[in-house]
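Visitor:
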Amino acid sequence: MKKQLSRHRLQGFTLIELMITVVIIGIIAAIALPSYSNQVTKSRRADAYACLLDAAQRQEAFYYQNNVYTVTLTDLGYAAGTVNCGDDANYTLTSAAGANGAIASSYLLTATRANAQAGDSLCGDLTLSSIGVKGESGTLDAQACW
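Just so you know, we're using this note's numbering here: the sequence shown kicks off at 179 and counts up by one.
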């Protein structure tokens, strides 16, 4: 009878073993979660890049036909109202006159943070000018954000 009991006690996990496992999982999660969140934020920025480059291409096509740029995004084929970038609308697109202040000869496209991306203080709002200058309003430089 004693042999059966002692063999039975050796099976399973002790409380110490379970606690060590929980601590190890906690450490792995503490390391992995910030990295995962950072990658998700970076992937959302890709929606803004694509949106800005698409709008720049449309601006150039509009300029080719009309010899002037436009601030009205509906002139570029976008629907009326707020132009959202990507399926999750984490950025909104706007167009304004460029560095010289005249929309006829330059433009500045801005992808403004919204929804889940609103907390991205590293790159902030992303911009693209008619001469191809890429910018951001965050704490990182444009090269790191683009």
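Positions of the beta carbon are idealized from the N, C-alpha and C atoms, including for glycine.
I need the straight-line Cα distance from T252 to T305, nearest angstrom please.
Guide: Each residue's Cα considered, the two are about 19 Å apart.
Visitor: By how many angstroms is the C-alpha of A233 removed from the C-alpha of V249?
Guide: Near 11 Å, if we compare the C-alpha coordinates of A233 and V249.
Visitor: Which value, in whole angstroms, describes the spacing of the CA atoms of D298 and T288?
Guide: Their Cα atoms are separated by approximately 15 Å.
Visitor: Tell me whether S221 sits in a helix, a strand or coil according to DSSP, three-state version.
Guide: Helix.
Visitor: Leaving out five residues before and five after Y247 in sequence, what residues of the same chain have Cβ atoms less than 6 Å from its Cβ?
Guide: Excluding positions up to five away in sequence, the list reads Q237, Y241, I281 and Y285.
Visitor: Within this structure, are the beta carbons of C229 and C263 separated by less than 8 Å?
Guide: Cβ distance < 8 Å, so C229 and C263 count as in contact.
Visitor: Find out if the Cβ-Cβ distance for the pair Y269, A292 is shorter than 8 Å.
Guide: In this structure, A292 lies closer than 8 Å to Y269 by Cβ.
Visitor: Could you have a look at C263 and say whether DSSP puts it in helix, strand or coil?
Guide: Strand.
Visitor: Only counting the same chain, and skipping five residues up and downstream in sequence, which positions put a Cβ closer than 6 Å to that of S356?
Guide: Examination of residue 356 is not possible in this model, given that the chain is present from 179 through 324 alone.
Visitor: Alpha carbon to alpha carbon, what distance is there between V201 and Q235?
Guide: Their Cα atoms are separated by approximately 52 Å.
Visitor: Would you give the residue range spanned by the alpha helix (DSSP H) that A322 belongs to?
Guide: Here the alpha helix (DSSP H) through A322 covers A320 to C323.
Visitor: Tell me whether L300 sits in a helix, a strand or coil according to DSSP, three-state version.
Guide: Three-state DSSP puts L300 in coil, outside helix and strand.
Visitor: Can you find the residues in the same chain that come closer than 6 Å, C-beta to C-beta, to E314, ignoring five residues on each side of it along the sequence?
Guide: Correct list, in chain order: C301, G302, L304, A320 and C323.
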